[in-house]
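Those protein sequence lines, which keep their order, are chains P and G.
Sequential numbering of the first sequence, starting at 101, is according to the working numbering.
Sequential numbering of the second sequence, starting at 7, is according to the working numbering.
We treat Cβ as the ideally placed atom computed from N, Cα and C, and that holds for glycine.
Quick caveat: nothing in here was measured; it's all calculated off a predicted structure.
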Amino acid sequence: MLLRETVTQAIYSLAVNKLRSLLTIMGVAVGVFSIIAVMTALDAIDKSIESGLTSLGANTFQIQKNPATTFGSGHSRNLYANRKDISYQQALLFRKSMEEKSRNIGFMISSMANQAKYANLKTNPDVTITGGDENFSASSGYTVLFGRNLAESDIRYARNAVVLGSEVASTLFPSGENPQNKSLKINGKVYTVAGVFEKKGAAFGQSQDNFVLIPITRYLDHINEKSSLSITVEALSRKNYPLAIDHAIGAMRLARGLTVKDANDFEIRTNESLIDSFREIQLAIGTGAFIISFMALLTAGVGIMNIMLVSVTERTREIGIRKSVGAPRRTILRQFLLEALFLSLVGGVIGTITGTTIGNVVALQLNLPLIFPWLWITVSMVVCSAIGMAFGLFPAWKAANLDPVEALRPK
Amino acid sequence: MQTPSIITMQSLSKFYEMGDQTVRALDSINLDFRKNDYTAIMGPSGSGKSTLMNILGCLDTPTSGIYELNGQDVATMDDDELARIRNKEIGFVFQTFNLLPRLNCLRNVELPLIYAGVAPEEREERASKALINVGLGDRIKHKPAELSGGQIQRVAIARALINNPSIILADEPTGNLDTTTSHDIMNIFGKLSEAGNTIILITHEEDIAHYTRRMIRLRDGKIESDVRR
Numbered sequence: 101m102l103l104r105e106t107v108t109q110a111i112y113s114l115a116v117n118k119l120r121s122l123l124t125i126m127g128v129a130v131g132v133f134s135i136i137a138v139m140t141a142l143d144a145i146d147k148s149i150e151s152g153l154t155s156l157g158a159n160t161f162q163i164q165k166n167p168a169t170t171f172g173s174g175h176s177r178n179l180y181a182n183r184k185d186i187s188y189q190q191a192l193l194f195r196k197s198m199e200e201k202s203r204n205i206g207f208m209i210s211s212m213a214n215q216a217k218y219a220n221l222k223t224n225p226d227v228t229i230t231g232g233d234e235n236f237s238a239s240s241g242y243t244v245l246f247g248r249n250l251a252e253s254d255i256r257y258a259r260n261a262v263v264l265g266s267e268v269a270s271t272l273f274p275s276g277e278n279p280q281n282k283s284l285k286i287n288g289k290v291y292t293v294a295g296v297f298e299k300k301g302a303a304f305g306q307s308q309d310n311f312v313l314i315p316i317t318r319y320l321d322h323i324n325e326k327s328s329l330s331i332t333v334e335a336l337s338r339k340n341y342p343l344a345i346d347h348a349i350g351a352m353r354l355a356r357g358l359t360v361k362d363a364n365d366f367e368i369r370t371n372e373s374l375i376d377s378f379r380e381i382q383l384a385i386g387t388g389a390f391i392i393s394f395m396a397l398l399t400a401g402v403g404i405m406n407i408m409l410v411s412v413t414e415r416t417r418e419i420g421i422r423k424s425v426g427a428p429r430r431t432i433l434r435q436f437l438l439e440a441l442f443l444s445l446v447g448g449v450i451g452t453i454t455g456t457t458i459g460n461v462v463a464l465q466l467n468l469p470l471i472f473p474w475l476w477i478t479v480s481m482v483v484c485s486a487i488g489m490a491f492g493l494f495p496a497w498k499a500a501n502l503d504p505v506e507a508l509r510p511k
Numbered sequence: 007m008q009t010p011s012i013i014t015m016q017s018l019s020k021f022y023e024m025g026d027q028t029v030r031a032l033d034s035i036n037l038d039f040r041k042n043d044y045t046a047i048m049g050p051s052g053s054g055k056s057t058l059m060n061i062l063g064c065l066d067t068p069t070s071g072i073y074e075l076n077g078q079d080v081a082t083m084d085d086d087e088l089a090r091i092r093n094k095e096i097g098f099v100f101q102t103f104n105l106l107p108r109l110n111c112l113r114n115v116e117l118p119l120i121y122a123g124v125a126p127e128e129r130e131e132r133a134s135k136a137l138i139n140v141g142l143g144d145r146i147k148h149k150p151a152e153l154s155g156g157q158i159q160r161v162a163i164a165r166a167l168i169n170n171p172s173i174i175l176a177d178e179p180t181g182n183l184d185t186t187t188s189h190d191i192m193n194i195f196g197k198l199s200e201a202g203n204t205i206i207l208i209t210h211e212e213d214i215a216h217y218t219r220r221m222i223r224l225r226d227g228k229i230e231s232d233v234r235r
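Here's what the structure looks like:
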């Protein structure tokens with residue numbers, strides 16, 4: 101029998117039981133939807149990873165107490181929690197021994213959720229205060245739009261100078277008034293504006309301009325003296341980069357007073373290591389989503405089998421009639437298998453379309469690029485087909501092997 | 007000169023196991039059907055006529071014995087070979103009509119041609135012709151539910167004839183019809199017989215059997231009488 105007739109028959113039979121077919125299709129659609137939506141969102145994040153996570157400048161690495169993300173058991177978490185903070189004194193020692201071997205060694209420390217006020221204007225209480233030095237802007241990729249950057253003397257004398265991020269500046273000085281040398285209050289303390297940074301834009305939906313930069317010495321004096329610094333170091337050249345990291349580890353061990361037996365109690369973060377640790381999260385979410393979605397698809401498969409078994413029972417007479425006029429077993433098998441396949445594939449297509457749409461809506465919310473996850477669409481379709489075939493096979497086999505005499509017997 | 011045999015059955019038996027009892031539905035019967043025979047098979051219920059009909063129609067296979075249809079040994083065929091024989095050699099007409107309710111007359115009549123692998127255009131043409139021949143040219147696109155019992159049975163006859171089968175096998179074809187309609191249907195069978203078709207009719211109604219030229223009576227799985235007129 102021609103394939104076209106089989107396909108027509110399959111679609112026709114499903115169309116007769118619209119609600120039933122639709123409900124079965126929904127089961128598959130939900131499973132595929134969850135795979136595609138999660139994978140679309142993850143792929144979108146992945147696409148922006150290179151730009152979003154390369155917050156460090158070229159040939160630059162960072163030294164911090166803790167890694168960017170921690171995974172695994174409580175043991176490793178405790179290990180990090182027990183590490184001593186990187187103090188300003190240690191940082192100064194480090195800089196001293198690294199001065200020859202690198203450049204632009206910057207210190208940085210941040211606290212979130214602060215509020216800045218100027219005259220009767222105020223920001224939301226979500227401003228980040230960053231304590232830094234004159235090298236901060238260079239190593240973090242900020243340029244001064246007008247006014248000046250922090251100077252070495254600001255750091256040395258712990259002056260109350262502040263450089264505003266563009267978002268803070270536009271909130272407090274909305275009419276384009278020159279903020280330079282104006283006094284404003286941050287968390288109730290007075291600072292004098294030295295300059296304003298150029299807008300950097302958002303990464304992962306998070307503004308990078310909603311912050312203020314004050315001298316790190318002032319930060320330690322006035323905001324929090326017990327906090328751990330992060331140190332940015334720029335290698336002298338690309339070629340020199342691995343060597344600079346080795347030197348930095350040595351210098352840091354010295355500054356932290358570690359003996360030969362002690363392990364490093366600090367982490368080196370590079371752009372690559374940031375991306376790696378993000379990839380780790382991505383993999384975990386992706387694997388989890390896939391496993392859960394696969395379970396959902398298995399459940400949907402059981403639904404398909406159930407509905408196909410009902411269908412075979414209901415259509416026993418039809419099968420008998422078809423057999424009596426000469427339908428061979430393989431044709432009946434193919435007809436029912438196609439119906440099962442059709443149910444799962446339509447579900448797959450619906451799931452793919454809604455999943456891609458919702459995934460991309462989420463991506464848009466996070467200012468991420470639009471994505472069409474071909475790989476996952478292919479995987480979903482293959483898994484769908486396999487499930488349709490696997491769960492449709494038994495009912496189809498049952499139909500194909502019905503005894504025509506039994507099937508035609510009047511009920 | 008005698009016309010050649012289309013069907014030869016020799017010491018054909020069909021036994022069923024019912025618990026620890028063996029039911030001899032057909033007990034070593036010998037039968038011969040020649041081309042253009044018009045036969046009625048009669049008998050009370052339980053006489054084995056349904057079993058004989060199922061075996062004649064290649065829906066079932068005998069427990070033992072020889073069944074040759076058009077020179078082919080049917081008794082030993084597997085399911086798919088039997089399906090092919092049903093498609094090519096046998097046209098069924100059932101008491102309960104057995105049309106597919108969701109398909110219109112044309113689609114029902116062309117069904118055997120689909121399984122025979124005939125191209126769509128030719129199928130439609132042949133099915134339309136067959137429906138015109140049974141006087142339903144104006145009902146081609148109607149579904150069975152929109153037709154009367156007599157009309158439905160005529161659709162079934164059109165379907166039985168569509169693939170030019172060697173035998174037409176009618177199982178109580180008038181069992182669900184009123185007297186007038188029954189006679190209309192029997193007239194169609196009469197014309198088919200005149201046109202040279204081989205027809206086997208299973209019935210328990212004497213007046214229906216009298217339309218035929220040969221009457222076989224079954225009792226307890228054996229042939230009680232076989233009379234040609």
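Whether residue i touches residue j by CB criterion (8 Å)
i	j	result
Pro315 (chain P)	Ala238 (chain P)	no
Leu313 (chain P)	Val262 (chain P)	yes
Ile222 (chain G)	Ile47 (chain G)	yes
Met198 (chain P)	Ile209 (chain P)	no
Ser134 (chain P)	Ala490 (chain P)	no
Leu264 (chain P)	Leu221 (chain P)	no
Ile432 (chain P)	Ala507 (chain P)	no
Arg203 (chain P)	Glu325 (chain P)	no
Ala89 (chain G)	Gly227 (chain G)	no
Gly426 (chain P)	Tyr73 (chain G)	no
Ala294 (chain P)	Arg369 (chain P)	no
Val107 (chain P)	Arg108 (chain G)	no
Ile186 (chain P)	Ser211 (chain P)	no
Trp497 (chain P)	Met139 (chain P)	no
Chain G within 8 Å of residue i, Cβ atoms only
i	result
Pro504 (chain P)	yes
Ala499 (chain P)	no
Thr413 (chain P)	no
Lys118 (chain P)	no
Thr416 (chain P)	no
Met101 (chain P)	Note that Met101 (chain P) scores 49 on pLDDT, short of 50, meaning its location in the model is unreliable and no value can be drawn from it.
Pro428 (chain P)	yes
Ser121 (chain P)	no
Pro473 (chain P)	no
Glu105 (chain P)	yes
Leu114 (chain P)	no
Ile407 (chain P)	no
Pro510 (chain P)	yes
Ile421 (chain P)	yes
For residue j and residue i, believed in contact at Cβ under 8 Å, the rounded distance
i	j	result
Ser73 (chain P)	Phe246 (chain P)	The structure shown does not extend to residue 73 (chain P), since chain P is modelled only from 101 to 511, so the question has no answer here.
Ile194 (chain G)	Arg160 (chain G)	7 Å
Thr204 (chain G)	Ile173 (chain G)	5 Å
Glu194 (chain P)	Met352 (chain P)	The sequence given here has Phe at residue 194 (chain P), not Glu. Confirmed, about 6 Å.
Asp365 (chain P)	Leu358 (chain P)	7 Å
Ile404 (chain P)	Ser444 (chain P)	6 Å
Asp86 (chain G)	Arg429 (chain P)	6 Å
Val29 (chain G)	Phe21 (chain G)	7 Å
8 Å Cβ cutoff, residue i in contact with chain P
i	result
Ala31 (chain G)	no
Pro118 (chain G)	yes
Leu106 (chain G)	yes
Thr180 (chain G)	no
Arg132 (chain G)	no
Asn42 (chain G)	no
Leu167 (chain G)	no
Thr102 (chain G)	yes
Ala89 (chain G)	yes
Ala122 (chain G)	yes
Phe98 (chain G)	yes
Segments of 4+ residues assigned as alpha helix (DSSP H) that fall wholly inside the segment 276-338 of chain P:
The qualifying runs are 316-322.
For the segment 424-455 of chain P, enumerate the residues whose C-beta is nearer than 9 Å to any C-beta of chain G, in chain order.
Ser424, Val425, Gly426, Ala427, Pro428, Arg429, Arg430 and Thr431
Completely contained beta strand (DSSP E) runs for the segment 21-78 of chain G, where each covers 3 or more residues
Listed in chain order, the complete beta strand (DSSP E) runs (minimum 3 residues) inside the segment 21-78 of chain G are 27-40, 44-48 and 70-75.
Any residues in the segment 47-79 of chain G with a beta carbon nearer than 7 Å to a beta carbon of chain P? Which ones, in chain order?
Going along the segment 47-79 of chain G in chain order, one finds Asn60, Leu65 and Asp66 with a Cβ nearer than 7 Å to chain P.
Cβ-based contacts, 8 Å cut-off: residues of the segment 132-165 of chain G near chain P
Arg165
Please list the segments of the alpha helix (DSSP H) lying wholly inside the segment 158-214 of chain P, counting only runs of 4 or more residues, in order along the chain.
174-181 and 188-198
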